[in-house]
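Asks: My questions all concern the structure below.
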Amino acid sequence: MFSPSVWSVVLVSSLLARHTIADTTSGTFSLLTYNVAGLPEGLSSSNPETNTPLISERLGPYNVINVEEDFNYHAALYASDSHAYRTPTSGGAGIGSGLNTLSDFEYIDLERTTWDKCYINSGDCLTPKGFTLVRIRVSDGAWIDLYNLHADAGVDEGDLEARSSNFAQLTEFMETWSAGMAVIVMGDTNSRYTRVTDSESLHGFIDDNGVTDAWISLIRGGSYPEEGADALVCDFPFAAGTTQAEMVSCETVDKIFTRSSSIITLTTTSFTNENDNFVDDDGAPLSDHYPLSATASWSLSSSLRLSDPTGGPHGDPFNDIATSLTDDVPTIASITIRSGSRVDAVSYDLLYPSGSTSTVYHGGTGGDDNTLSLTNGDYITQITACSGKYNDHTRVFYLKLTTNSGSVLEGGVTTDDCLITTVPTDAGSGGAWGLVGFWGRSGDEADRLAGIWGAVY
C-alpha cells in the first residue's frame, strides 16, 4: 500500500512563572525519521506485530523522532518509549495519517493536514495521508517548527502528479505558518532526485522554502544526483558487513531537511543510516524502510530572540520576524493594548534606523485602547501575560508591559495562569535588549502572544 540562553523558571505566586533568557545560546540534539510499517499484519510489508515492540525499546537515544505509518500498532510503539512529549494517534489505517512525533522537548500547535490530492494506486487514498506540524521548544528562546510528512506513493503519472501537489501544498502551508521560523522537515517523501518529476518537486521545495537536505550537504558535498540517471537504490536488506559509508551512499525516499532563521542558525552535522540499531536477532530490518538520523546543531542570534508564549492554539499565526523585522531591526516608539475582560489586540509604532516608521496590529477590534509612548530612552524589558478559557478556547486575558524605567502599560483581567518573561541576560550585539515585536496567533482577539526581543536600545 505504501512504497518502500536557559530560561530560569521561578514560581512567584501559586501559578505565576518567570522566564528570563540566560546565556545558553547554542547546542545540539539528535533527529530520527522512520517509516515503521505499521499497517495491519498481512497488509504491511514488514511484520509489525512482532517488530513494533522491538522498535519501541530502541527509540530512547534520539531527542526528536518522526514516524510514518504508525497505524495499528501505535500502543506497542509507545509502550517501551519514555520521551516526555508524544503526539496522540490520529487513528489506525483508513482513519489516521500514521504520522506521529516523539520528543524530549515540549511542543505547541499540533496541526494535522491531509493532502488535497492523492492517487489511488498504492492505496494512497484509502487513509488520510498528509503532514503534521509541531512547534518544539529546544531551549530558551529556541523554538523550531518540526514537520512530518508522508507523500503519495508510486511511480505512475497520477502518483507523480499527486506527489508534486503534495510538495506544493506543504510549501504553501509553510509560507503562512513558518514564516520567520527555523524549520526541520523529515519523513517519507516517496521521492528520488533521479526520478524526473520528483526531481523537479524536490528542487522546487528546497528552493521555495530555503531548506537544506542533510544527505545532500553532508554525504554528497552539496552535489545532487543527476535527474534521469539510474536510481541510487539501497540494497534491502543490507548484507552483513555493509559499512556506514556504503549505507549512506545510496538514496532513500526518507529525507531530512533543515532551515535557519534570523533567530536561530540551524544546521546538521552528521547523517547516519541507523539500520544496525534496528534489526532483529537474525539481522533483519524491523521495517521495510531504513531509519535515518542526523545531529542538529543550533545557535541563537545575538540581536533577536523569541520569548515564550501565553495563550492557546486558536486564530491565525503571525510572526513579526517575517514582516516588520526582516532587515534593520526597529525600536518601538509607542504601544497600545486594546482590551476589556480579555486582550483584544496589540498595536505598536515602529521606528527604523533610517527614520522610517510603520504600525503593526495583531488582533480584533473590541475593547478599549490604552497607549504608552516610549520616550527618553524608555523601552520594554518585561512582559506579564495571563491566559484563560473563553468559549472553550484559550485566550490571552491579561497583558502587562514594564519598561526599564518602571513605566507600565496593562490591559485585561488577570487569571491564575500567568507567565512573566524578561529580556535576555547575555550581551546583545547592537545594544541593550528590549521589545521590538510579537509572535503568536490572533483572530477577533489575541489568542496567543509572545515577545520578540531585539538588541537595539
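Quick note on numbering: the sequence shown equals residues 1 to 457 in the working numbering.
Glycine included, C-beta positions come from ideal geometry on N, C-alpha and C.
Bear in mind that the values here come from a model prediction, so they are computed numbers and not experimental data.
(1) Does DSSP put I21 in a helix, in a strand, or in coil?
(2) Do L149 and G187 have their C-beta atoms within less than 7 Å of each other?
(3) Between the alpha carbons of T426 and W433, how many angstroms are there, rounded?
(4) Could you check what DSSP says for S14 in three-state terms: helix, strand or coil?
(5) How big is the Cα-Cα spacing for L399 and S82?
(6) Just tell me which of E57, R58, S30, G123 has its CA closest to the CA of S44.
(7) Three-state secondary structure (DSSP) at H203?
(8) Do you know offhand how far W177's Cα is from A239's?
(9) Exposed or buried, which one is I21 when buried takes at least 16 other CB atoms within 10 Å?
(10) In terms of residues, what are the limits of the beta strand (DSSP E) holding D349?
(11) For the candidate residues V211, C386, M174, whose alpha-carbon lies nearest to that of T258?
(12) Rounded to a whole number of angstroms, what is the C-alpha to C-alpha distance between G141 and S297?
(13) Return yes when the Cβ of L54 is within less than 7 Å of the Cβ of G286, no when it is not.
(14) Quick test of the definition: if touching needs 3 or more C-beta pairs under 8 Å, does the segment 307-322 touch the segment 387-405?
(15) Give me, in chain order, the residues of the same chain whose beta-carbon lies closer than 7 Å to that of F29; leave out the 5 immediate sequence neighbours on both sides.
(16) Alpha carbon to alpha carbon, what distance is there between L102 and C183?
(17) Quick check on T50: buried or exposed, where buried means 16 or more other Cβ atoms within 10 Å of its Cβ?
(18) Please report the residue range of the beta strand (DSSP E) in which Y107 lies.
(19) Should D368 and S387 be called a contact, given that it needs their Cβ atoms to be closer than 7 Å?
(20) Are the CB atoms of T331 and L351 nearer to each other than 7 Å?
(21) Opposite H74 in the DSSP bridges: which residues?
(22) Could you round the C-beta distance between D472 and Y290 to whole angstroms and report it? I think they count as a contact, below 8 Å.
(23) Cα separation between F397 and F105?
(24) Can you give the beta carbon distance from A79 to P40, rounded, assuming they're within the 8 Å contact cut?
(25) In three-state DSSP terms, what is P285?
(26) I believe S347 touches V360 by the beta-carbon criterion, under 8 Å. Please report the beta-carbon distance rounded to the nearest angstrom.
(27) Using a Cβ-Cβ cutoff of less than 6 Å, which residues in the same chain neighbour S46 once the five nearest sequence positions on both sides are dropped?
(28) Please report the distance separating the alpha-carbon of S339 from that of D109.
(29) How would you call Q244, buried or exposed, if buried means at least 16 neighbouring beta carbons within 10 angstroms?
(30) Report yes if the C-beta distance between G431 and I321 is below 7 Å; otherwise report no.
(31) Does the beta-carbon of D327, which I'm using as the reference point, lie nearer than 6 Å to any heavy atom of the ligand COA?
(32) Tell me whether N72 is buried or exposed, calling it buried when 16 or more other Cβ atoms sit within 10 Å of its Cβ.
(33) For C118 and G222, I'd like the C-alpha separation in whole angstroms.
(34) Leaving out five residues on either side along the sequence, give the residues of the same chain with a beta carbon under 6 Å from the beta carbon of L146.
(35) Which residue marks the beginning of the beta strand (DSSP E) containing D159, and which one marks its end?
(36) Could you tell me how far apart the beta carbons of D349 and S334 are, in whole angstroms, since I believe they sit closer than 8 Å?
Replies: To lay it out plainly:
(1) Low confidence applies here, because I21 scores a pLDDT of 47, under 50, leaving its location unreliable; read the following figure in that light. In this structure, I21 counts as strand in the three-state DSSP scheme.
(2) Contact annotation: L149 and G187 have beta-carbon atoms nearer than 7 Å.
(3) Just to set this straight, residue 426 is Asp in the shown sequence, not Thr. Spanning the two alpha carbons is a distance of roughly 9 Å.
(4) Only weak support exists for where S14 lies, its pLDDT of 30 falling under 50; the value from the coordinates is given anyway. Three-state result, S14: coil.
(5) 36 Å
(6) G123
(7) helix
(8) 43 Å
(9) At I21 the pLDDT is 47, less than 50, meaning the model places this residue with poor confidence; the figure from the coordinates comes in the next sentence. Looking at its Cβ environment, which holds 16 or more other Cβ atoms inside 10 Å, I21 is buried.
(10) 343-351
(11) V211
(12) 15 Å
(13) According to the sequence shown, residue 286 is Leu rather than Gly. In this structure, L54 lies closer than 7 Å to L286 by Cβ.
(14) For the pair of segments examined, the segment 307-322 was found to touch the segment 387-405: the number of CB pairs separated by less than 8 Å reaches three.
(15) Closer than 7 Å at Cβ, skipping near neighbours: N63, V64, V138, A296.
(16) Here residue 183 turns out to be Val, not Cys, going by the sequence shown. Looking at the two C-alpha atoms, the distance is approximately 17 Å.
(17) exposed
(18) Judged by DSSP secondary structure, Y107 falls within the beta strand (DSSP E) whose first and last residues are 107-114.
(19) no
(20) yes
(21) Answer is none; H74 lacks a bridge partner.
(22) Residue coverage of the chain in this structure runs from 1 to 457, which leaves residue 472 outside it and unanswerable.
(23) 27 Å
(24) Contact doesn't hold; Cβ gap of about 18 Å is too wide.
(25) strand
(26) 6 Å
(27) Around S46, the same chain offers A37, S287, D288 as residues with beta carbons nearer than 6 Å, after the five sequence neighbours per side are excluded.
(28) 25 Å
(29) exposed
(30) no
(31) No copy of the ligand COA appears in this structure; indeed no ligand is present at all.
(32) buried
(33) 31 Å
(34) V134, I136, I184, listed in sequence order.
(35) Per DSSP, D159 belongs to no beta strand (DSSP E); it is in the alpha helix (DSSP H), 157-177.
(36) The beta-carbon distance between D349 and S334, rounded to whole angstroms, is 5 Å. This is short enough to meet the 8 Å contact definition.
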